[in-house]
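All remarks here apply to the structure that follows.
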Amino acid sequence: MSKLEIKNLSFSYDGSNKVIDDISFSVEKGTFVSVLGHNGSGKSTLAKLIVGLLDKAGGQIFFNDIEITDKNLKDLQTKTSLIFQNPDNQFIGSTVEDDIAFGLENRCFPHDQMQAEIERFADSVNMLDHLKKEPINLSGGQKQRIALAGALILRPEILILDEATSMLDPKGKSTVRKVIDRIHKENKELTIISITHDIDEALLSDKVLILNKGKLVKEGKPQDILRDESALLEVKLDMPFVYKIEKELKEIGINSNAETIDQLVEDIWTSK
Amino acid sequence: MDIQVKNIFYTYQKKATNATQALMDVSLEIKDNDFLAIVGETGSGKSTLAQMFNALLIPDKGDVLVNDYVINYKNRKSRKLRGLRRQVGLVFQFPEYQLFEETVEKDVAFGVKNFGIKGEEALNRAHEALKQVGLDESYFKRAPFDLSGGEKRKVAIAGILAINPDILIFDEPTAGFDPQSSKDLMNLITEFHKNGKTIIIITHDMDLVNIYTKRVVMLERGQVTFDGTPNELFSYIKGYDRLDTPSVIKVAEKLKEKGMDIDINQIHTNEDLVEAIKKWRNKA
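Protein chains in written order, with my numbering: chain A, 888 to 1159; chain B, 615 to 898.
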């Protein structure tokens, strides 16, 4: 299986404070990974190191068992797409279709096939009806979905989301989340690394990594890790809402291992 | 300090063909020491309204009165309005973009200096404000650009706190914050409220509205369509997908639908919910 492997990665902005401190982990192809951690724990720095936007101070990054060096960094970069937090900072084109096409044009994609390709990817993020629109007429959620289409059209093997939904309103959040969830299910080959503060969003992923002060402190399935309240508190994170209520209900004699609100309500109701 | 908004209108890009009317006949009264949330979907006019409170934007029509200051089109060039900004502090949605000094302490002290406080005193104020937002001495001499997104936000908030305004307006204060930082910031804001400040929070986060505020104003397409308590809002927005009901209210509503005798108006926190469930079980 091809994968992304990080070995003993370190980084510092000023040469003394280690923002990333000896981190090692590997991600199998097609996995949806959430990276959690408090502000300043090193999450965004980690993302930038993986795509080579920052030069690592120590350690190794392997992609498909080949070590990434200065010489072949470009290869990894062409296989990686990064989506940022602020939808307004990544809109480059003057219309939706120009924006989606931007990366393809950079790669000299044949013009006669371009329109079909744009439409295909606009459709995959539910934005096919908006191709001629200007960014000013789009909501934040729509802009993020356009950014996703522009990223996916380059057929990356790794998609990195750096708090891609945190600036959106609830409707924007849920539409972007749905699109990401579908992309994950439909692309068995695509690895998704999502940096987030949204614990409820992390519940949807296959694997969770928790960073604290630049170190990787927890790694595992969300259902296991996100129930460990004391470990989460130690790194200043909260349990998902449903788990939190379950814990409090236990104290009044209601046992529930629900994963969703509906299940939880059912468990409470039948406990009578 | 009271704020009175009287029938204001505002249009962006007035001369353009795609002129956007951001506020239409908005009236609102905010009392001294209120703790108010302004909610509404993206583009509903929330941030536009907030920028009227310290005269960053001037209404095309209508008046905004902040104590003795009159903000309207006629007064738009009045020098008096500068004093207003010391009393109404506005923390923008992406305040981290406004950092520019070499060190964190200089950045925070910049605003204070603008209002005529110099040297040591300005730095002292900056240090105090930084500690309030949870950034200790180790941050003072660091370059703002080396900080994480959330830490930059804290520096920007400290910059406003250092000026010590009477009215504090926060535009999406906790977006991009980890849970602990969100709680810390909200506790800090609550503390300011207790000390007599007027607090206005613009947010999408209904949990935050439910836990911390007593009054919510909702804007839709530039108009005030709701003004009441958080619980009244949650029943008002049922089925409205642009705003999310807090999870704890969702559970309470679903239990009520099933037939549980539960007073949703009393539910603000997880503890409230568990307590209500306990009572229901004891009765049954």
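Think of the CB as a built atom: it goes at the ideal place given N, C-alpha and C, for glycine as much as any other residue.
Beta-bridge pairing of residue i - partner residues as DSSP gives them
i, result
"A:L1015", "Answer is none; A:L1015 lacks a bridge partner."
"A:S1117", "Paired residues: none, contrary to the question."
"A:S928", "Its beta-bridge partners do not exist; DSSP assigns none."
"B:Q880", "Paired residue(s): none; B:Q880 is not in a bridge."
"B:V705", "B:F784"
Start and end residues, alpha helix (DSSP H) containing residue i
i, result
"B:A740", "733-746"
"A:V983", "983-993"
"A:S897", "Where A:S897 is concerned, there is no enclosing alpha helix (DSSP H), although the beta strand (DSSP E) it sits in stretches over 890-899."
"B:M820", "820-826"
"A:F1128", "1128-1137"
"B:E751", "751-754"
"A:I1097", "Unbroken run through A:I1097 is the beta strand (DSSP E), 1094-1099; no alpha helix (DSSP H)."
"B:D721", "718-728"
"A:Q947", "From DSSP, A:Q947 is part of no alpha helix (DSSP H) but of the beta strand (DSSP E) over 945-950."
"B:G657", "That residue, B:G657, is in no alpha helix (DSSP H); it is neither H nor E in DSSP."
Interface partners of residue i on chain B, CB under 9 angstroms
i, result
"A:I1148", "S861, K864, V865, K868"
"A:Q1002", "Within chain B, no residue comes near A:Q1002; the closest Cβ sits about 26 angstroms away, beyond 9 angstroms."
"A:D901", "R756, A757, D760"
"A:K1131", "N884"
Opening and closing residue of the beta strand (DSSP E) in which residue i lies
i, result
"A:S911", "905-915"
"A:V1063", "Not the beta strand (DSSP E): A:V1063 falls in the alpha helix (DSSP H), residues 1057-1073."
"B:T634", "634-644"
"A:M1054", "From DSSP, A:M1054 is part of no beta strand (DSSP E); its letter is neither H nor E."
"B:K620", "617-626"
"B:E834", "829-834"
"B:V838", "837-842"
"A:K1102", "1102-1107"
"A:L969", "967-970"
Span separating the alpha-carbon of residue i from that of residue j
i, j, result
"A:M888", "A:D1068", "The predicted position of A:M888 is uncertain, since its pLDDT is 49 and thus under 50; no value can be drawn from it."
"B:K688", "B:H818", "34 angstroms"
"B:R895", "B:L749", "45 angstroms"
"B:Y826", "A:A1003", "50 angstroms"
"B:L695", "B:I644", "19 angstroms"
"A:S913", "A:A1145", "29 angstroms"
"B:G657", "A:I1045", "33 angstroms"
"B:V888", "A:K1159", "14 angstroms"
"B:L901", "B:D875", "Because residue 901 of chain B is not part of the residues shown, which for chain B are 615 to 898, the question remains open."
"B:G730", "B:R693", "16 angstroms"
"A:E1118", "A:L1103", "Before going on, a small fix: residue 1118 of chain A reads as Ala here, not Glu. Taking the straight line from one Cα to the other gives about 13 angstroms."
"A:P1057", "B:D858", "6 angstroms"
"B:L840", "B:V831", "The sequence shown places Phe at residue 840 of chain B, rather than the Leu named in the question. Approximately 6 angstroms, taken between the alpha carbons."
"B:E765", "A:N926", "7 angstroms"
"A:D1154", "A:V922", "30 angstroms"
"A:G924", "A:V1122", "7 angstroms"
"A:N1012", "A:S1053", "The identity of residue 1012 of chain A in the sequence shown is Val, whereas the question assumes Asn. If I take the Cα positions, the gap works out to 18 angstroms."
"B:A890", "B:K828", "21 angstroms"
"B:D648", "B:G842", "13 angstroms"
Under 8 angstroms from the C-beta of residue i: neighbouring residues of chain A
i, result
"B:H882", "Residues of chain A passing the Cβ test: none, with the nearest at roughly 14 angstroms."
"B:K872", "V1152, W1156"
"B:A789", "S1053, M1054"
Contact list for residue i against chain B, beta-carbon separation under 8 angstroms
i, result
"A:L1136", "V888, I891"
"A:M1014", "The contacting residues do not exist; A:M1014 stays about 16 angstroms from chain B at best."
Cross-chain neighbours of residue i in chain A, by beta carbon under 7 angstroms
i, result
"B:D858", "P1057"
"B:S762", "N926, G927, S931"
"B:A898", "K1159"
"B:D792", "H925, N926, H1084, K1123, L1124"
"B:E765", "N926, G927"
Contact under 8 angstroms by Cβ, residue i with residue j
i, j, result
"B:P758", "B:V769", "yes"
"B:R739", "B:V726", "yes"
"A:A1036", "A:M1014", "yes"
"A:V920", "A:T967", "no"
"B:N794", "B:L775", "The displayed chain sequence assigns Gln, not Asn, to residue 794 of chain B. Against a cut-off of 8 angstroms, the Cβ pair of B:L775 and B:Q794 comes out as no contact."
"B:I816", "B:I652", "yes"
"A:K916", "A:L1098", "no"
"A:K1030", "A:T982", "no"
"A:L1113", "A:I1086", "yes"
"B:A669", "B:D785", "no"
heavy atom of the ligand FMN below 7 angstroms from residue i C-beta
i, result
"A:I1141", "The model on display carries no ligand, and the ligand FMN is accordingly not part of it."
Interface residues of chain A facing residue i [CB-CB closer than 9 angstroms]
i, result
"B:T656", "S1026, G1027, G1028, L1055, D1056, K1058, G1059"
Proximal residues of chain B, C-beta to C-beta of residue i below 7 angstroms
i, result
"A:V914", "Under the 7 angstroms cutoff, chain B gives no residues; its nearest Cβ is about 22 angstroms from A:V914."
"A:F996", "Those do not exist, as A:F996 stays about 32 angstroms from chain B at its closest Cβ, beyond 7 angstroms."
"A:F1128", "S861"
"A:E881", "Chain A is shown from 888 up to 1159; residue 881 of chain A falls before or after that span and cannot be answered."
Contact set between residue i and chain D, taken where Cβ atoms lie within less than 8 angstroms
i, result
"A:N973", "Absence of chain D from the displayed structure is noted, the protein chains being A and B."
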